[in-house]
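There are 2 protein chains.
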Amino acid sequence: MTTLDFKLACPRPIDGDSINLSHGGGGSVMHKLIESRILPAFDTGALGVRHDSAVLEVGGARIAFTTDSFVIRPLFFPGGDIGSLAVNGTVNDLAMSGATPKWLSCGLILEEGFPIDDLDKILHSMRAAADAAGVSLVTGDTKVVDKGKGDGVFINTAGIGIVEHDLAIAPGSVRPGDRILLSGDLGRHTIAIMSAREGLTFEGGVESDCASLVVPALALIREGIDVHCMRDLTRGGLASALVEISEASKTRITIDEDSIPVREDVNGACEILGFDPLYLANEGRFAAFVPEHQAERALEILRREIRDAEPSIIGRVEEGSQRVTLRTTIGTGRIIDMLSGEQLPRIC
Amino acid sequence: MTTLDFKLACPRPIDGDSINLSHGGGGSVMHKLIESRILPAFDTGALGVRHDSAVLEVGGARIAFTTDSFVIRPLFFPGGDIGSLAVNGTVNDLAMSGATPKWLSCGLILEEGFPIDDLDKILHSMRAAADAAGVSLVTGDTKVVDKGKGDGVFINTAGIGIVEHDLAIAPGSVRPGDRILLSGDLGRHTIAIMSAREGLTFEGGVESDCASLVVPALALIREGIDVHCMRDLTRGGLASALVEISEASKTRITIDEDSIPVREDVNGACEILGFDPLYLANEGRFAAFVPEHQAERALEILRREIRDAEPSIIGRVEEGSQRVTLRTTIGTGRIIDMLSGEQLPRIC
Numbered sequence: 004m005t006t007l008d009f010k011l012a013c014p015r016p017i018d019g020d021s022i023n024l025s026h027g028g029g030g031s032v033m034h035k036l037i038e039s040r041i042l043p044a045f046d047t048g049a050l051g052v053r054h055d056s057a058v059l060e061v062g063g064a065r066i067a068f069t070t071d072s073f074v075i076r077p078l079f080f081p082g083g084d085i086g087s088l089a090v091n092g093t094v095n096d097l098a099m100s101g102a103t104p105k106w107l108s109c110g111l112i113l114e115e116g117f118p119i120d121d122l123d124k125i126l127h128s129m130r131a132a133a134d135a136a137g138v139s140l141v142t143g144d145t146k147v148v149d150k151g152k153g154d155g156v157f158i159n160t161a162g163i164g165i166v167e168h169d170l171a172i173a174p175g176s177v178r179p180g181d182r183i184l185l186s187g188d189l190g191r192h193t194i195a196i197m198s199a200r201e202g203l204t205f206e207g208g209v210e211s212d213c214a215s216l217v218v219p220a221l222a223l224i225r226e227g228i229d230v231h232c233m234r235d236l237t238r239g240g241l242a243s244a245l246v247e248i249s250e251a252s253k254t255r256i257t258i259d260e261d262s263i264p265v266r267e268d269v270n271g272a273c274e275i276l277g278f279d280p281l282y283l284a285n286e287g288r289f290a291a292f293v294p295e296h297q298a299e300r301a302l303e304i305l306r307r308e309i310r311d312a313e314p315s316i317i318g319r320v321e322e323g324s325q326r327v328t329l330r331t332t333i334g335t336g337r338i339i340d341m342l343s344g345e346q347l348p349r350i351c
Numbered sequence: 004m005t006t007l008d009f010k011l012a013c014p015r016p017i018d019g020d021s022i023n024l025s026h027g028g029g030g031s032v033m034h035k036l037i038e039s040r041i042l043p044a045f046d047t048g049a050l051g052v053r054h055d056s057a058v059l060e061v062g063g064a065r066i067a068f069t070t071d072s073f074v075i076r077p078l079f080f081p082g083g084d085i086g087s088l089a090v091n092g093t094v095n096d097l098a099m100s101g102a103t104p105k106w107l108s109c110g111l112i113l114e115e116g117f118p119i120d121d122l123d124k125i126l127h128s129m130r131a132a133a134d135a136a137g138v139s140l141v142t143g144d145t146k147v148v149d150k151g152k153g154d155g156v157f158i159n160t161a162g163i164g165i166v167e168h169d170l171a172i173a174p175g176s177v178r179p180g181d182r183i184l185l186s187g188d189l190g191r192h193t194i195a196i197m198s199a200r201e202g203l204t205f206e207g208g209v210e211s212d213c214a215s216l217v218v219p220a221l222a223l224i225r226e227g228i229d230v231h232c233m234r235d236l237t238r239g240g241l242a243s244a245l246v247e248i249s250e251a252s253k254t255r256i257t258i259d260e261d262s263i264p265v266r267e268d269v270n271g272a273c274e275i276l277g278f279d280p281l282y283l284a285n286e287g288r289f290a291a292f293v294p295e296h297q298a299e300r301a302l303e304i305l306r307r308e309i310r311d312a313e314p315s316i317i318g319r320v321e322e323g324s325q326r327v328t329l330r331t332t333i334g335t336g337r338i339i340d341m342l343s344g345e346q347l348p349r350i351c
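Protein sequence lines correspond, in order, to chains A and B.
In this text, residue positions in the first sequence follow my numbering: the first is 4, and each later residue adds one.
In this text, residue positions in the second sequence follow my numbering: the first is 4, and each later residue adds one.
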């Protein structure tokens with residue numbers, strides 16, 4: 004792993020009066036925008052929880068509700084496209100609440116001149132991803148903007164899932180003693196996008212990890228693991244997710260570099276590009292916080308349910324001041340901060 | 004009223020291979036896109052209903068779920084802004100199903116360089132509109148696109164409402180004999196946008212009718228009116244809504260020009276601009292289909308609940324071939340078609 008070069012990653016100066024790309028990057032600048040501007044304007048309890056989904060009571064049932072917009076560039080990339088991403092991204096946010104995803108909405112913002120054949124491909128990807136995740140698209144909207152005022156297609160999906168457990172799966176439920184599981188290797192989605200965008204080729208070809216996390220996430224719950232928190236590792240990567248959870252749970256988190264899988268080709272690309280895999284966006288990876296005595300059992304479940312990646316136990320939660328520390332391969336400790344700006348714009 | 008000039012309204016040729024602005028216009032070109040491309044790719048029962056919201060079963064309860072993206076230009080206009088529009092638009096779709104709106108999601112797509120002060124104004128408008136409609140914003144997402152790849156801000160909202168009645172409020176429930184109520188005068192939103200966009204000024208100033216329809220729509224249901232269908236009159240206007248309902252219910256619809264209120268200044272603007280008020284988008288008007296024997300009672304309820312407009316009974320449903328006819332002031336009949344292309348791009 005190389006050190007993240009924030010200047011390289013965020014070349015534009017941050018102007019306090021207007022939006023810049025780092026406001027969408029998943030790091031501390033985005034968090035500051037959300038906390039200082041968006042949350043105060045709404046000020047509702049459910050948003051205050053700062054989790055991937057809001058959990059709401061309907062009659063006697065509990066539902067999870069979430070939304071995500073997708074502005075990825077390019078629209079088609081190795082391992083997926085904006086359509087599969089738009090379904091899996093929202094489905095995964097629901098699964099991270101332990102909800103069974105049921106229904107999706109789809110809002111399309113099309114740019115004038117966008118090829119209808121490309122729209123067809125994207126719609127078929129959405130359908131295939133929805134079928135794979137067991138969700139139905141039930142409501143939609145289509146808008147068109149003038150040429151030069153959009154970028155092909157932007158997609159928003161919102162999703163509803165049913166919460167069928169009594170666990171409080173949230174950052175605030177994480178406790179000292181918890182073990183942290185990672186569902187597979189890091190960084191593939193970002194490197195696949197980089198290669199598609201910049202015309203870089205890597206030996207063997209790196210494909211996005213874009214996939215539904217519904218089956219492994221719900222298997223943990225169904226088989227009695229007392230899951231404290233789950234988080235999919237999108238914008239900001241593993242590092243930003245852990246920092247946020249450490250802050251919300253007021254705990255210290257330690258992870259071991261040796262236990263965090265990164266493919267050789269992804270690692271090589273990171274060294275060339277000056278990226279740190281810990282901060283790279285993934286679209287088919289998650290971290291789960293479980294009690295120590297259930298960690299091995301949880302790992303077995305993930306290994307059984309995840310065929311194309313190697314889940315591992317990567318660290319633990321301790322008492323102490325809020326901090327995330329990486330124990331490196333050579334035995335030193337490195338403090339992990341939240342991604343500050345924007346590592347790679349429009350990654351999802 | 005003047006005749007709609009489609010050439011003026013849709014100046015660009017329609018190219019069969021790529022998206023043009025008429026694909027977002029709410030008329031027959033958009034309907035063809037949805038029917039030929041989007042619905043087949045998803046092919047779910049709920050979308051097949053072609054109503055403003057999907058109605059879904061959760062435990063013992065029924066919820067309505069809907070989504071809408073907002074790409075209006077300009078962002079701020081007389082009588083509202085994209086924020087109030089984004090809340091009212093989705094809340095109204097829920098209310099048209101007879102659902103009590105409860106929760107909204109908010110997906111922001113911001114363009115690099117967008118002033119944060121403007122974002123604040125929009126967020127505060129959203130909050131004020133949400134408070135007025137009795138809904139909570141519970142989940143959100145923020146994305147940023149490069150300068151020149153968006154247009155200030157696009158907003159997607161999805162909404163969940165609770166259905167607390169046993170009526171089947173849908174186009175297919177409309178029956179011969181039904182009376183059609185209109186909640187107020189037509190065309191203000193479109194003329195307000197036109198005036199803001201083109202710098203036109205009209206005597207007195209025309210403000211958008213942008214508002215929540217929750218209170219009058221739910222009052223009809225609560226007070227025992229057997230509502231067969233409700234529809235808010237956005238893109239495509241009253242004309243397109245009636246044509247769609249006539250087709251879905253396989254009935255003939257007749258409306259009386261004399262009974263359809265259009266303000267003098269809006270009518271004047273329409274004559275100058277070559278618009279037909281029947282096709283103009285509104286953001287605070289709806290049509291309700293009710294049984295004949297309850298029509299006067301329903302009108303009383305709307306008159307009591309709507310303070311700033313004059314509801315009226317505008318027509319009736321008859322047996323016969325699917326068709327919408329306008330009886331004009333001079334006693335002739337005019338067949339009303341669905342809006343064909345795009346009357347005014349980016350009206351919502």
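From the three backbone atoms N, C-alpha and C, an ideal C-beta is built for every residue, glycine too.
All values reported here derive from a predicted model rather than from experimental measurement.
Helix, strand or coil at residue i according to DSSP, with G and I counted as helix
| i | result |
| --- | --- |
| L111 (chain A) | strand |
| D121 (chain B) | helix |
| M129 (chain B) | helix |
| L223 (chain A) | helix |
| D212 (chain A) | coil |
| S72 (chain B) | strand |
| G202 (chain B) | coil |
| T254 (chain A) | coil |
| D169 (chain B) | coil |
| L347 (chain A) | coil |
| N95 (chain A) | helix |
| N23 (chain B) | coil |
| L44 (chain A) | Inspection of the sequence shows that residue 44 (chain A) is occupied by Ala rather than by Leu. In this structure, A44 (chain A) counts as helix in the three-state DSSP scheme. |
| P77 (chain A) | coil |
Nearest-angstrom Cβ-Cβ length linking residue i and residue j, presumed shorter than 8 Å
| i | j | result |
| --- | --- | --- |
| V32 (chain B) | G227 (chain B) | Actually they do not touch by this definition, with Cβ atoms about 40 Å apart. |
| V90 (chain B) | I112 (chain B) | Not a contact, Cβ separation roughly 17 Å. |
| K124 (chain A) | D84 (chain A) | 7 Å |
| E210 (chain A) | A199 (chain A) | With 8 Å as the limit, E210 (chain A) and A199 (chain A) do not qualify as a contact, their Cβ atoms being about 10 Å apart. |
| L24 (chain B) | M197 (chain B) | With 8 Å as the limit, L24 (chain B) and M197 (chain B) do not qualify as a contact, their Cβ atoms being about 15 Å apart. |
| A64 (chain A) | A64 (chain B) | 7 Å |
| L184 (chain A) | L59 (chain A) | Not confirmed; about 28 Å, so no contact. |
Distance CB(residue i)-CB(residue j) smaller than 8 Å
| i | j | result |
| --- | --- | --- |
| A67 (chain A) | L88 (chain A) | no |
| D188 (chain A) | R266 (chain A) | yes |
| I350 (chain A) | I75 (chain A) | yes |
| S56 (chain B) | S108 (chain B) | no |
| V156 (chain A) | L216 (chain A) | no |
| P104 (chain A) | G137 (chain A) | yes |
| S139 (chain B) | G86 (chain B) | no |
| S262 (chain B) | I316 (chain B) | yes |
| R191 (chain B) | N95 (chain B) | no |
| A244 (chain A) | Y282 (chain A) | no |
| G143 (chain A) | I41 (chain B) | yes |
| E250 (chain B) | Q297 (chain B) | no |
| D154 (chain B) | G207 (chain B) | no |
| I224 (chain B) | L170 (chain B) | yes |
| C213 (chain B) | G110 (chain B) | no |
Chain-ordered neighbours of residue i on chain D, where CB pairs are closer than 8 Å
| i | result |
| --- | --- |
| R330 (chain B) | Of the protein chains in the structure, A and B, none is chain D. |
Under 8 Å (Cβ pairs) to chain A, residues found in the region 127–141 of chain B: H127, M129, R130, A133, S139, L140 and V141
Cβ pair count under 8 Å reaching 3, the region 164–177 of chain B against the region 279–289 of chain B: no
Three-pair Cβ contact test at 8 Å for the region 327–345 of chain B versus the region 20–40 of chain B: yes
The region 25–41 of chain B: positions lying closer than 9 Å to chain A by Cβ: S25, H26, G27, G28, M33, L36, I37, R40 and I41
Segment contact, 8 Å Cβ cut-off, at least three pairs: the region 155–166 of chain B with the region 232–251 of chain B: no
Within 9 Å of chain A by C-beta, residues of the region 290–315 of chain B in sequence order: none
The region 144–155 of chain B: positions lying closer than 8 Å to chain A by Cβ: D144, T145, K146, V147, V148, D149, G151, K152, G153 and D154
The region 312–320 of chain A contacting the region 196–206 of chain A, beta-carbon criterion three pairs below 8 Å: no
The region 294–301 of chain A in contact with the region 273–285 of chain A per 3-pair CB rule at 8 Å: no
Contact residues within the region 64–91 of chain A, judged by C-beta distance below 7 Å to chain B: A64, I66, F68, T69, T70, D71, S72 and V74
The region 196–213 of chain A: positions lying closer than 7 Å to chain B by Cβ: none
Contact list for the region 272–284 of chain A against chain B, Cβ threshold 8 Å: none
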